[in-house]
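Just so you know, the protein sequences line up as chains A and B, in that order.
Take 10 as the starting number for the first sequence in our numbering and just add one per residue.
Take 21 as the starting number for the second sequence in our numbering and just add one per residue.
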Amino acid sequence: MYHLIQEASGWSPGANWDSLRAREARLAWGLVSPTALVVFGLIIFPAFFSGWISFHDVSLRNLSSIFSAPFVGLENYHEVVSDWAFKFHSWRSWGAAITSVVYSVVSTALTILVGLVAALLLNRKFKARGLVRATFLFPYVAPIVSVAFGWRWILDPRKSGVLNDLLLRLGAIQDPQAYLSTRGLALILVIAFTAWRYFPFAMLMILARLQAIDGALYESASVDGATGWQQFRYITIPELRYVLGAVFMLRLIWTFNKFDDIFLLTGGGYGTNVLPILTYQFSFSSFDFGKGAATAMILLTILLVFLALYVGFFVRRGEAA
Amino acid sequence: MSKPNSGEEKLSFIGHLGRWINWPKFLLATGLTFFLTSILFPFYWMISSSFKSYAEIGSVRPVYFPSTFRLDAYQELFNPNSPQFWNFGRNLLNSFRVAGPTAIIAVILSLQGAYAIASLRFRGKEVFLNGVLLIYLFPAVLLMIPLFAMLSQIGNVIGFGIQDNLWILILTYLAQTLPVAIYMLTNYFKSIPSEIEQAGLIDGCSRLGVIWRITIPLSIPALVSVAIYTFMIAWNEFLYALVFLNSSEAFTVPIKINMIFNDPTPRPHVVMAASTITTIPVIILFLSLQKFLEEGLTAGSVKG
């Protein structure tokens, strides 16, 4: 854009153009190089290095002389795949791989659903809407440690826990329950927590799209006698299709990568162990870095499948547009 | 127009009863009540619990309204003379020492990067931009092991410790936040009419002069939101701090709270007090700059 103006205004000093352009490129690279360096050194290189570690026997013992670590081929992968914590056993004990996928898909779907409802509410006009909208973002901006421990305190297994107290008073339960250390229930609660914490992101994206829908569509629909539900079903949902898809993929990938939420809520126990936590446990509890890296590489492989879907989604979107 | 106020809603509900129930308003009020309760109660519970005494926190029934504002928990955190002292001030300072430099350096580097992408022509721009964006879909756990191994190698050679080194954390947080920061700023810079910069260049300003005298003053709000965004990420970060910090002297706030939580004698009021102190600055920062941050959140799809 800027260059078009430059050329149209006849400002470009013909003969020097090439050297000027070279100077511009040099300046540009000078400006981006610190970022390029940080990103390369701390993300791109480590990502490849992680692959290298996953094929070697690296433990705390030889960490200081890592390049002499023995090559073990696929042994780390074999150990991970046959690890009790990783593989599927029965419907009662899923293993981290299946739990990860179930947790991320279900909690992402729930996050989007709650975000959609919140966005539809905020799309109506009412007093103090700005304030309510800001409040809706609290779970997303507050530190994860604070909100996770806040919820743990509410779900406290003792009689003095808020949820226990409420349910006891209502007569729904006879004895206090240990919600986060009950298999099954713990996973459901972790999913609910994820939706509680991340729905504001979905809400903001959906709300931005909702407010861009042409009001004339609804007017003509109501002239034609469409009910509120029909307008929602045949105007709102189709208009939101792409944003819902994009938010779903983004959140799916991020949720799949998430470590903190589950670690702080259950520590990965009671049927809530997911691949990021397993990676942490292998590397920093048993100090088997090779096995940890292999777990992370498996996680990355599943992630790449998600990413392929994500890219495919945008390519199709680009063709449609 | 419809009103969210549940009191008025009740009146209109009763008033219309028998004639006609205003469903949309009723649903709106119910929905808002549900959302506001489930969002605000945990925060209320956190703050009110922090003002309870040890007896109140350990009572058989939960105390929904503390009888008086007791500062027992805050004493434990900050007062060196209290029987159980956590030296939380030190951890707050650590968190500031990590989040502050992260924010400042991120603003400078992303300003440079975003300016180059928005206004300069250079080979490899698309690769750079796409590469940077792809990166923020990368899992943090994948990088944790190689970073740990790599940095301990480098540390051995150059002679610095990677354990308890706050600069290591700053570097990793920069790597995590720069992509989004650059993306946010690039969008903003593209909205500045290039004629203004042109005028500066014609008047004899150098490129750097243009950046300093024209671009920066025009982008203060965007730069501030990048600073706040990176500050918040660094302030809230848990995993890398857990991996790279060993001694409670060097802990940032989230790791310290985790440590207090895992204390053999449960002290929920102290955990809640520390959580309150950690949360308040973030919420205040967010509310004061909500407009800019929200634009950033949607434009840059801030990772979280």
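Virtual Cβ for every residue (Gly too), placed ideally from N, Cα, C.
So, do the region 244-260 of chain B and the region 124-131 of chain B have three or more beta carbon pairs nearer to each other than 8 Å?
yes
Let me confirm a value: B/Tyr64 is counted as buried when at least 16 other C-beta atoms fall within 10 Å, else exposed. Which label applies?
exposed
Contact residues within the region 201-215 of chain A, judged by C-beta distance below 8 Å to chain B:
Trp205, Tyr207, Phe210, Leu213 and Met214
Would you mind working out which of B/Arg110, B/Ser69 and B/Phe89 sits nearest B/Lys276, comparing C-alpha positions?
B/Arg110
Any C-beta of chain B sitting closer than 9 Å to the C-beta of A/Leu312?
yes
By alpha-carbon positions, which one of B/Leu48, B/Pro103, B/Met66 and B/Gly51 ends up nearest to B/Phe85?
B/Met66
Is the distance from the Cβ of A/Leu9 to the Cβ of A/Leu198 below 9 Å?
Only positions 10 to 330 of chain A appear in the structure, and residue 9 of chain A is not among them; the question remains open.
From the DSSP output, which residues share a beta bridge with A/His65?
A/Phe80
Taking a Cβ distance cut-off of 7 Å, strictly less, list which residues of the region 259-287 of chain B are near chain A, in chain order.
Leu259, Val263, Pro274, Ile277, Asn278 and Phe281
What do you get for B/Ser139, buried or exposed, if any count of 16 or more other CB atoms within 10 angstroms of its CB means buried?
buried
Name the residues in the region 258-270 of chain A whose C-beta lies less than 7 Å from a C-beta of chain B; which are they?
Correct list: Leu259, Ile262, Trp263, Asn266, Phe268 and Asp269.
Report buried or exposed for A/Arg206, applying the criterion of at least 16 other Cβ atoms within 10 angstroms of its Cβ.
Of the other Cβ atoms in all chains shown, 16 or more fall within 10 Å of the Cβ of A/Arg206; this residue is therefore buried.
In terms of residue numbering, what span does the alpha helix (DSSP H) encompassing A/Asp174 cover?
Val171 to Leu179
Short CB-CB distance (under 9 Å) between B/Tyr135 and chain A
yes
Identify which residue in B/Ala134, B/Ile182, B/Leu162 and B/Val147 has its Cα closest to the Cα of B/Val200.
B/Ala134
Would you verify that the beta carbon of A/Ile52 is, or is not, closer than 9 Å to some beta carbon of chain B?
yes
Tell me which residues share the same chain as B/Pro100 and place their Cβ nearer than 8 Å to its Cβ, disregarding the 5 neighbours each side in the sequence.
Asn107
How would you write the range of the alpha helix (DSSP H) that A/Ser295 sits in, first residue to last?
Here A/Ser295 belongs to no alpha helix (DSSP H), and DSSP marks it neither H nor E.
Do we get a CB-CB distance below 9 Å when we pair B/Ala242 with the residues of chain A?
no
How close, in whole Å, do the beta carbons of B/Ile190 and B/Ile182 come, if the pair is a contact with beta carbons under 8 Å?
Going by Cβ atoms, the distance from B/Ile190 to B/Ile182 rounds to 13 Å, so no, they are not a contact pair.
What do you reckon, are the CB atoms on B/Leu259 and B/Met164 nearer than 9 Å?
yes
Closer than 9 Å at the beta carbon, the chain A residues around B/Gln95:
The premise fails here: B/Gln95 is roughly 20 Å from chain A at the closest Cβ pair, so nothing lies under 9 Å.
What do you reckon, are the CB atoms on A/Ala78 and A/Gly299 nearer than 9 Å?
yes
Residues of chain B with a CB under 8 Å from the CB of A/Ser59: which are they?
Leu162, Leu163, Ile165 and Pro166
Interface residues of the region 55-85 of chain B facing chain A [CB-CB below 9 Å]:
Flagged, chain order: Phe55, Leu56, Ser58, Ile59, Leu60, Phe61, Pro62, Phe63, Trp65, Met66, Ser69, Ile77, Gly78, Ser79, Val80, Arg81, Pro82, Val83 and Tyr84.
Rounded to whole angstroms, how far is the Cβ of B/Pro241 from the Cβ of B/Ala261, which I believe are closer than 8 Å?
About 30 Å; that fails the 8 Å criterion.
Using the Cβ count rule (16 or more neighbours within 10 Å means buried), how would you classify A/Ala302?
buried
CB-CB under 7 Å to A/Leu194, same chain, minus the five flanking residues each way: which ones, in chain order?
Tyr188
What do you get for B/Lys311, buried or exposed, if any count of 16 or more other CB atoms within 10 angstroms of its CB means buried?
exposed
One question on the structure: do B/Ala195 and A/Gly50 come within less than 9 Å of each other, judged by their Cβ atoms?
Yes, Cβ-Cβ distance for B/Ala195 and A/Gly50 is below 9 Å.
In chain order, which continuous runs of the alpha helix (DSSP H) of length 4 or greater are located wholly inside the region 34-81 of chain B?
Counting only unbroken stretches of 4 or more residues, the alpha helix (DSSP H) elements lying wholly within the region 34-81 of chain B are 43-70 and 74-77, in sequence order.
Is the CB-CB distance between B/Ser70 and B/Met279 below 9 Å?
no
Residue ranges of each alpha helix (DSSP H) run of no fewer than 4 residues wholly in the region 87-133 of chain B, ordered along the chain?
92-98
Tell me, to the nearest whole angstrom, how far the beta carbon of A/Ile62 is from that of B/Pro166; I am working on the premise that it is less than 8 Å.
6 Å
For A/Glu248, which option in A/Ser169, A/Asp165, A/Leu313 and A/Leu226 has the closest C-alpha, if you only look at C-alpha atoms?
A/Leu226
Contacting residues, own chain, Cβ-Cβ under 7 Å from B/Gly324 (five flanking each side not counted)
Because the pLDDT at B/Gly324 is just 48, under 50, the model does not fix this residue reliably, and the point stays unresolved.
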